[in-house]
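Residue numbers (my numbering): -2 to 133. Accompanying notes for the structure given below.
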């Protein structure tokens, strides 16, 4: 009986290690690094910099806020050079959603980018420092 318990323990431990290795490769797809875009002159982050919301799917979604000139109409999300962004099939960062809030302050308007939760989990609490928005 003791041999069976040891065998089961080793089997479960090796299975968990296998699952961890396989899922980590799903989180960070090797061909999903962000193409680096030349940045705007000054990046203005919102306050708070990020928050979360419950979406129509009843799941939490992370938002990263940016102030951009109110005459901007095109928003292209990008990440720091070399950062892997295609996490579990969400697509590369250029496909992530950017939404205008309707809030205006002086010459700027507030927008936010929806960030996949798996990106947040795989890049840690400072995930927002890796994401940016090019606007024109």
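Where a beta carbon is used, it is the ideal one built from N, C-alpha and C, also for glycine. In this text, all values refer to a predicted model and were calculated from it rather than measured experimentally.
Distance from the Cα of residue 124 is smallest, within the candidate group -2, 3, 47 and 88, for 47.
Residue pairing by DSSP places residue 76 opposite 128 in a beta bridge. Contact between residue 128 and residue 74 is confirmed by a C-beta separation of about 6 Å, below the 8 Å threshold.
The residue among 132, 0, 54 and 95 with its C-alpha nearest the C-alpha of residue 61 is 95.
By the Cβ-count criterion, residue 59 is buried, with 16 or more other Cβ atoms from all chains shown falling within 10 Å of its own Cβ.
In the three-state DSSP reduction, residue 107 falls in the strand class (E or B).
With a cutoff of 7 Å on beta-carbon distance, residue 7 and residue 65 are scored as not near each other. In the DSSP assignment, residue 114 falls within the alpha helix (DSSP H) that extends over 114 to 120. In the same chain as residue 126, and ignoring 5 residues on each side of it, no C-beta atom comes closer than 7 Å to its own. In terms of Cα proximity to residue 133, the closest of 116, 93 and 40 is 40.
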